[in-house]
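Structure first, commentary second.
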Amino acid sequence: MQTKECPKCGATWIGGEHYWAGTGKKGNELDLAGLVCNKFGDETCINPCLGMEGGVTWVDRLTTMDKEDEWPVNGTA
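Throughout the sequence shown, residue numbering follows the numbering used here, covering 59 to 135 in sequence.
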C-alpha cells in the first residue's frame with residue numbers, strides 16, 4: 059500500500075485515501091483544499107484538488123460555530 063505525505067501541510071494519503079494530519083481521520087481532498095491548500099498551498103502541495111472551488115471553507119466552519127452558539131447547551135438557557 060502506497061503512502062504519501064504532503065511536504066507543505068503534512069496531510070497523508072494511504073492507498074490513495076486522504077487522512078488529516080492532526081487527527082489521522084479519513085478526510086476529503088476538496089475540504090482540505092478549501093481549508094488549507096487553496097490558501098496556503100504552493101508548488102510542493104500534493105493535493106489533487108488544489109485550486110478547485112468547493113468543499114468546506116473557514117467561512118463555512120465559522121458560520122456553523124455561530125449557529126451552534128445560538129442554541130443552549132444541554133437544553134438549558
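Where is the CB? At the ideal position from N, CA and C, for every residue including glycine.
Query - Spatially closest choice to G92 from T81, G113, T122, by CA coordinates - result: Against the sequence shown, residue 92 aligns to sequence position 34. Looking at the Cα atoms, G113 is the closest of the given residues.
Requested in this report: Note down, in chain order, each residue of its chain lying with its Cβ closer than 7 Å to the Cβ of T106, except the 5 sequence neighbours on either side.
Outcome: Taking the sequence shown and counting its residues from 1, the one referred to as residue 106 is at position 48. Correcting the residue type first, residue 106 is Pro in the shown sequence and not Thr. Within the same chain, P106 has close Cβ partners E87.
Requested in this report: Name the two residues that bound the continuous beta strand (DSSP E) containing E63.
Outcome: Taking the sequence shown and counting its residues from 1, one reaches residue 63 at position 5. Start and end: 61–63.
**Report entry** N-terminal and C-terminal residue of the beta strand (DSSP E) that E75 is part of
**Finding:** In the sequence shown, the residue the question calls residue 75 occupies position 17. Run containing E75: 75–77, per the beta strand (DSSP E) assignment.
**Report entry** With 16 other Cβ atoms within 10 Å as the buried cut-off, status of L120
**Finding:** If you number the sequence shown from 1, residue 120 lands on position 62. L120 should be labelled exposed.
Report task. Grab the span of the beta strand (DSSP E) containing T102 for me, first residue to last. Result -> For the purposes of this step, residue 102 is taken as residue 44 along the sequence shown, with counting starting at 1. Unbroken run through T102: none, as it is neither H nor E.
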